[in-house]
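Protein sequence lines, in the order shown, are assigned to chains A and B. Heads up: take any position in the first sequence, counting from 1, add 5, and you land on the working numbering. Heads up: take any position in the second sequence, counting from 1, add 4, and you land on the working numbering. Idealized CB from N, CA, C, for every residue including glycine. One structure is given below, encoded as structure tokens.
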Amino acid sequence: MFQTRARAALADKGDQDMTSILEGKNLVTKFHTVDGVVNAVNDVSFSLEDGETLAIVGESGSGKSVSMMSIMGLLPSPPAKVESGQALFNSKDGIVDLIKLPYETMSDIRGGQIGFVFQDPGTSLNPILTIGKQISETLTRHLGISGREAKDKAVSLLAEVGIPDPTLRYDAFPFQLSGGMRQRAMIAIAVACTPRIVIAAEPTTALDVTIQAQIVSLFKQLRAKMGVSTIWITHDLGLVAGLADRVLVMYAGQILETAPVDELYENPKHPYTVGLLGALPRLDTQESKRLVSIDGTPPDSTIPIHHCPFAWRCTHAFERCWNEKPALASVGEKHTVACFYAVEKG
Amino acid sequence: MTTQPLLRVIDLKKHFYIPTGLFGQKSIEVKAVDGVSFDLNAGETLGLVGESGCGKSTTGRTVLKLYRPTAGNVFFDNKDITSIPAEELNKLRTRIQMVFQDPYASLNPRHTVKTIISEPLVIHGLMKGTELDDRVKELMDLVGLNSSYMKRFPHEFSGGQRQRIMIARALSVNPDFVVCDEPISALDVSIQAQVVNLLQNLQERLGVAYLFIAHDLSMVKHISHRIAVMYLGKIVELAGRNQIFSNPLHPYTQSLTSAVPIPSPKLERKRQRIILKGEPPSPANPPKGCVFHPRCPIARDICRTDVPQIAEVQPGHFAACHFAGTPIQNA
Numbered sequence: 006m007f008q009t010r011a012r013a014a015l016a017d018k019g020d021q022d023m024t025s026i027l028e029g030k031n032l033v034t035k036f037h038t039v040d041g042v043v044n045a046v047n048d049v050s051f052s053l054e055d056g057e058t059l060a061i062v063g064e065s066g067s068g069k070s071v072s073m074m075s076i077m078g079l080l081p082s083p084p085a086k087v088e089s090g091q092a093l094f095n096s097k098d099g100i101v102d103l104i105k106l107p108y109e110t111m112s113d114i115r116g117g118q119i120g121f122v123f124q125d126p127g128t129s130l131n132p133i134l135t136i137g138k139q140i141s142e143t144l145t146r147h148l149g150i151s152g153r154e155a156k157d158k159a160v161s162l163l164a165e166v167g168i169p170d171p172t173l174r175y176d177a178f179p180f181q182l183s184g185g186m187r188q189r190a191m192i193a194i195a196v197a198c199t200p201r202i203v204i205a206a207e208p209t210t211a212l213d214v215t216i217q218a219q220i221v222s223l224f225k226q227l228r229a230k231m232g233v234s235t236i237w238i239t240h241d242l243g244l245v246a247g248l249a250d251r252v253l254v255m256y257a258g259q260i261l262e263t264a265p266v267d268e269l270y271e272n273p274k275h276p277y278t279v280g281l282l283g284a285l286p287r288l289d290t291q292e293s294k295r296l297v298s299i300d301g302t303p304p305d306s307t308i309p310i311h312h313c314p315f316a317w318r319c320t321h322a323f324e325r326c327w328n329e330k331p332a333l334a335s336v337g338e339k340h341t342v343a344c345f346y347a348v349e350k351g
Numbered sequence: 005m006t007t008q009p010l011l012r013v014i015d016l017k018k019h020f021y022i023p024t025g026l027f028g029q030k031s032i033e034v035k036a037v038d039g040v041s042f043d044l045n046a047g048e049t050l051g052l053v054g055e056s057g058c059g060k061s062t063t064g065r066t067v068l069k070l071y072r073p074t075a076g077n078v079f080f081d082n083k084d085i086t087s088i089p090a091e092e093l094n095k096l097r098t099r100i101q102m103v104f105q106d107p108y109a110s111l112n113p114r115h116t117v118k119t120i121i122s123e124p125l126v127i128h129g130l131m132k133g134t135e136l137d138d139r140v141k142e143l144m145d146l147v148g149l150n151s152s153y154m155k156r157f158p159h160e161f162s163g164g165q166r167q168r169i170m171i172a173r174a175l176s177v178n179p180d181f182v183v184c185d186e187p188i189s190a191l192d193v194s195i196q197a198q199v200v201n202l203l204q205n206l207q208e209r210l211g212v213a214y215l216f217i218a219h220d221l222s223m224v225k226h227i228s229h230r231i232a233v234m235y236l237g238k239i240v241e242l243a244g245r246n247q248i249f250s251n252p253l254h255p256y257t258q259s260l261t262s263a264v265p266i267p268s269p270k271l272e273r274k275r276q277r278i279i280l281k282g283e284p285p286s287p288a289n290p291p292k293g294c295v296f297h298p299r300c301p302i303a304r305d306i307c308r309t310d311v312p313q314i315a316e317v318q319p320g321h322f323a324a325c326h327f328a329g330t331p332i333q334n335a
């Protein structure tokens, strides 16, 4: 199944052993636009363990989605270009570097071994194909089963993701379904081929809170049943608390902090993480103090930054923060933070 | 003490008619707002929450008479603004303002910040010349914008800054009442906190009352004194903000409050969620009886036939449910 260049990608990696299922190494992605070069992802490294749910949290423009799209080769090029870095995926056929894979092999992996759920089910589904057709297309493409078999499997998948009257809905077009139902259909496509990883980019942002609760509970059920590793990209720290095993906080294209979920909420180290948590109103308290707001706005991503990207907005910034860029350093078990203040003075 | 509320809304209805059929000769009636009543006191914030399509924004706009109400009355400072002549209403408009959701679409891209902020003052003929300039500077300082940016255009500002421009515009005429229609939902978390703090500070300084429309329950709880929960064109529950969350009486409110994520992994693991089945029905074809009954975990026969009226179940705590206060067992 592997083409020559795919073998090359395989060979590059050698037989280095890998405990995690996905490992991003020093990823750099830039957009070359008429207004200048946008530094979307600046040296991002992370790993996803088998069976783990990893949440990537950040505000708009933090690079959380672009970093995942870079790995999956889903960015339009030009203007986007993955300048450097590796994305090692422990695939069925051994360890491969997703960045170097040729298009054909990559499309075998996308949808087959790595499933995707996007934010807006209204625009990510094909409007002129029935949802049943879109699911069975994935099945015939990746599993090589017949059309009839695929239809049966698609109907049972629709039932599994909680769509009522699956046989009837198989022939429904996306516009005939509500936002919540479309998102369920998209989840059915993502898990159709029992992938090893599901990447969900803001899958509940467009949905109402009661529907969000339904989708999150569906995700948890599927995860328990299939043992699939999940990357959940979101801006909602509240949602992450009840969902993730480990959290990665991104800002201005960089990772500022990573920690297991309990540790991050109880013992946040980076001033940005502390600020984000303070900016959230809480339902579980009676009194209403003023929210802690982070003054200022994120930096312009067209200007290369050679110091801490948060220094402008940070109340703890000192000389060193303006002179060099902090790297992720360990401050506890599985807890790393890129901040001179947290490591030296915190 | 019975002080008159600043705003009293009584049985407000707004029905839209959507033409159907080949030549649009028939029409579907959409009851976007169907019998909403509430009071708002001076200097108070009333939060209006609900899911998309429940009629919360339409309520806000109908209260301001941006939409002509189908039925019902809106009393502002004891004057019925649904029936007073247009001239008198225009005078009242200096006291009623609005902040819109989308800071990108609701500012004219060809106008400078100064033109935008001063527009209400110019329209109402309140100020001109240097007085106007000074007022714009004062307003920009008030909302935390650098007043040297007066000649800039909206595209030169970030989302949070644009929302500040919109707030400055609304406050320019010293209103008593501002409708804030989802003023923070287009903003990032750290910027949301800036805008919410600004709104609260301004309320303390200027004594302005807000009707704060949003779908984010945690934020509504944070900013409001009282909260009204809407479902399919009706208010199903109205109470003080702590009562709504500590003692929700309507099953919809119970499920809504249980569905809101809490930023604490420990609490999240312990929580019992009430996950509703299905999705809100279309307001063009609402269910008979109680509009919530098809999704309600405690619905009985009476709910399918009789529409529950909103009633004061506990002092200051209103709910529209035949079985208000019944706990939901199956979580």
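So A75 (chain B) packs on D15 (chain B), CB below 8 Å; how close in whole Å?
As a working mapping, residue 75 (chain B) is identified with position 71 in the second sequence. As a working mapping, residue 15 (chain B) is identified with position 11 in the second sequence. So it is a contact: roughly 7 Å between Cβ atoms.
Need the endpoints of the beta strand (DSSP E) that H254 (chain B) sits in, please.
In the second sequence, the residue the question calls residue 254 (chain B) occupies position 250. Where H254 (chain B) is concerned, there is no enclosing beta strand (DSSP E), given that its DSSP letter is neither H nor E.
Assign A343 (chain A) to buried or exposed, taking buried as 16 or more other Cβ atoms, counted over all protein chains shown, within 10 Å of its Cβ.
Looking up residue 343 (chain A) in the first sequence gives position 338. A343 (chain A) should be labelled buried.
Note down, in chain order, each residue of its chain lying with its Cβ closer than 8 Å to the Cβ of R166 (chain B), except the 5 sequence neighbours on either side.
In the second sequence, residue 166 (chain B) corresponds to position 162, counting from 1. So the list reads P107, Y108, L111 and P158, once near-sequence residues are dropped.
Within 10 angstroms of its Cβ, does R201 (chain A) collect 16 or more other Cβ (buried), or is it exposed?
As a working mapping, residue 201 (chain A) is identified with position 196 in the first sequence. Counting Cβ neighbours within 10 Å, R201 (chain A) comes out buried, since at least 16 surround it.
Whose C-beta lies closer than 7 Å to the C-beta of L203 (chain A) among residues of the same chain, with five residues either side of it excluded?
Along the first sequence, one-based indexing puts residue 203 (chain A) at 198. The question names Leu, yet the displayed sequence has Val at residue 203 (chain A). Excluding positions up to five away in sequence, the list reads G120, V122, A195, V196, V233 and T235.
Give the residues from the segment 260-277 of chain A that approach chain B closer than 7 Å (Cβ to any Cβ), ordered along the chain.
Going along the segment 260-277 of chain A in chain order, one finds V266, D267 and Y270 with a Cβ nearer than 7 Å to chain B.
Could you tell me which residues DSSP puts in a beta bridge with Y153 (chain B)?
Taking the first residue of the second sequence as position 1, residue 153 (chain B) is located at position 149. Beta-bridge pairing links Y153 (chain B) to no other residue.
Along the chain, where does the alpha helix (DSSP H) containing D113 (chain A) start, and where does it finish?
Numbered from 1 along the first sequence, position 108 holds the residue referred to as residue 113 (chain A). Residues Y108 to I114.
Please report how far the alpha carbon of E48 (chain B) lies from the alpha carbon of H229 (chain B), in whole angstroms.
Indexing the second sequence from 1 puts residue 48 (chain B) at position 44. Indexing the second sequence from 1 puts residue 229 (chain B) at position 225. So the two alpha carbons sit approximately 7 Å from each other.
Does the beta carbon of S72 (chain A) sit closer than 7 Å to a beta carbon anywhere in chain B?
Working through the first sequence from its first residue, we reach residue 72 (chain A) at position 67. It does not; no Cβ of chain B falls within 7 Å.
Shortest alpha-carbon distance to L32 (chain A) belongs to which of A:S72, A:S67, A:D40 and A:K350?
Taking the first residue of the first sequence as position 1, residue 32 (chain A) is located at position 27. Of the listed residues, the one whose Cα sits closest to L32 (chain A) is A:S72.
What does DSSP give as the partner residues of I353 (chain A) in its beta bridges?
There is simply no residue 353 (chain A) to check, as chain A begins at 6 and stops at 351 in what is shown.
What ranges does the beta strand (DSSP E) occupy inside the segment 202-277 of chain B, keeping only unbroken runs of at least 3 residues that lie completely in it?
Listed in chain order, the complete beta strand (DSSP E) runs (minimum 3 residues) inside the segment 202-277 of chain B are 213-218, 230-235 and 238-244.
Cβ of A197 (chain B) less than 7 Å from any chain A Cβ?
Stepping through the second sequence from its first residue, residue 197 (chain B) is reached at position 193. Yes - at least one Cβ of chain A is within 7 Å of the one on A197 (chain B).
So L223 (chain A) packs on I192 (chain A), CB below 8 Å; how close in whole Å?
Here residue 223 (chain A) refers to the residue found at position 218 of the first sequence. Here residue 192 (chain A) refers to the residue found at position 187 of the first sequence. The pair is a contact, with the Cβ atoms about 7 Å apart (cut-off 8 Å).
Give the single residue among A:L244, A:I308 and A:W317 whose Cα lies nearest to the Cα of Y277 (chain A).
Sequence index remark: in the first sequence, residue 277 (chain A) carries index 272 (1-based). Closest by alpha carbon: A:W317.
Could you check what DSSP says for T58 (chain A) in three-state terms: helix, strand or coil?
Numbered from its first residue, the first sequence carries residue 58 (chain A) at position 53. T58 (chain A): strand per DSSP, three-state reduction.
My parser needs the alpha helix (DSSP H) runs of 4 or more residues fully inside the segment 85-170 of chain B; what are they?
Complete alpha helix (DSSP H) runs here, min 4: 90-96, 117-127 and 133-146.
Excluding sequence positions up to five away, which residues of its chain have a Cβ less than 7 Å from the Cβ of M5 (chain B)?
Walking along the second sequence from the start, residue 5 (chain B) turns up at place 1. Confidence at M5 (chain B) is low in this model, with a pLDDT of 45, below 50, so the placement of that residue is unreliable and no value is reported for it.
So that I know if they touch, is there some Cβ in chain A lying closer than 7 Å to that of N251 (chain B)?
Here residue 251 (chain B) is taken as the residue at index 247 of the second sequence, counted from 1. No - not a single Cβ of chain A is within 7 Å of the one on N251 (chain B).
Within the continuous beta strand (DSSP E) that includes L163 (chain A), where are the two ends?
Residue 163 (chain A) sits at position 158 when you count from the first residue of the first sequence. That residue, L163 (chain A), is in no beta strand (DSSP E); its alpha helix (DSSP H) goes G152 to E165.
For the putative contact between P303 (chain A) and I310 (chain A), defined by C-beta atoms under 8 Å, what is the C-beta separation to the nearest angstrom?
One-based indexing of the first sequence puts residue 303 (chain A) at position 298. One-based indexing of the first sequence puts residue 310 (chain A) at position 305. That pair is no contact at about 11 Å.
Would you call the segment 19-29 of chain B and the segment 198-217 of chain B touching, i.e. three or more CB-CB distances under 8 Å?
No, they do not touch.
CA-CA distance, G56 (chain A) and M231 (chain A)?
On the first sequence, position 51 is the one that residue 56 (chain A) refers to. On the first sequence, position 226 is the one that residue 231 (chain A) refers to. If I take the Cα positions, the gap works out to 9 Å.
Please state whether the Cβ-Cβ distance between D310 (chain B) and G293 (chain B) is less than 7 Å.
Locating residue 310 (chain B) in the second sequence gives position 306, counting from the first residue. Locating residue 293 (chain B) in the second sequence gives position 289, counting from the first residue. Contact: yes.
Under 7 Å, Cβ to Cβ, is there at least one residue of chain A near A335 (chain B)?
Sequence index remark: in the second sequence, residue 335 (chain B) carries index 331 (1-based). Reliability fails at A335 (chain B), whose pLDDT of 42 lies under 50, so the model's placement of it is uncertain and the value that follows must be treated cautiously. No - not a single Cβ of chain A is within 7 Å of the one on A335 (chain B).
Examine chain A for any beta-carbon lying closer than 7 Å to the beta-carbon of P265 (chain B), and answer yes or no.
For this step, residue 265 (chain B) is matched to residue 261 along the second sequence. Taking Cβ atoms only, chain A reaches closer than 7 Å to P265 (chain B), which makes this a yes.
Consult DSSP for M255 (chain A) and reduce its assignment to one of helix, strand or coil.
Within the first sequence, numbered from 1, the residue matching residue 255 (chain A) stands at position 250. If DSSP states are grouped into helix, strand and coil, M255 (chain A) belongs with the strands.
Going by C-alpha to C-alpha distance, which of A:N47, A:G66, A:D176 and A:C198 sits closest to H240 (chain A)?
Within the first sequence, numbered from 1, the residue matching residue 240 (chain A) stands at position 235. Nearest C-alpha to H240 (chain A): A:G66.
Would you give the residue range spanned by the beta strand (DSSP E) that S286 (chain B) belongs to?
As a first step, residue 286 (chain B) is located in the second sequence; it is residue number 282 there, counting from the start. Per DSSP, S286 (chain B) belongs to no beta strand (DSSP E) and is neither H nor E.
Quick one: give me the first and last residue of the beta strand (DSSP E) that R12 (chain B) is part of.
Position 8 of the second sequence, counting from 1, holds the residue named residue 12 (chain B). Run containing R12 (chain B): L11 to T24, per the beta strand (DSSP E) assignment.
Let me check understanding here. Comparing Cα to Cα, which of A:L253, A:R189 and A:R228 lies closest to I220 (chain A)?
Position 215 of the first sequence holds residue 220 (chain A). The option with the nearest alpha carbon to I220 (chain A) is A:R189.
Does the distance from the C-beta atom of L50 (chain B) to that of P9 (chain B) stay below 7 Å?
Residue numbering aside, residue 50 (chain B) sits at position 46 when the second sequence is read from its first letter. Residue numbering aside, residue 9 (chain B) sits at position 5 when the second sequence is read from its first letter. No, the Cβ-Cβ distance between L50 (chain B) and P9 (chain B) is not below 7 Å.
At a CB-CB cut-off below 8 Å, which residues of chain A make contact with R207 (chain B)?
Within the second sequence, numbered from 1, the residue matching residue 207 (chain B) stands at position 203. For the sequence presented, residue 207 (chain B) should be read as Gln rather than Arg. None at all; the shortest Cβ gap to chain A is about 12 Å.
Kindly confirm or deny that the segment 75-88 of chain B and the segment 164-179 of chain B touch, where touching means at least three C-beta pairs closer than 8 Å.
No contact exists between the segment 75-88 of chain B and the segment 164-179 of chain B.
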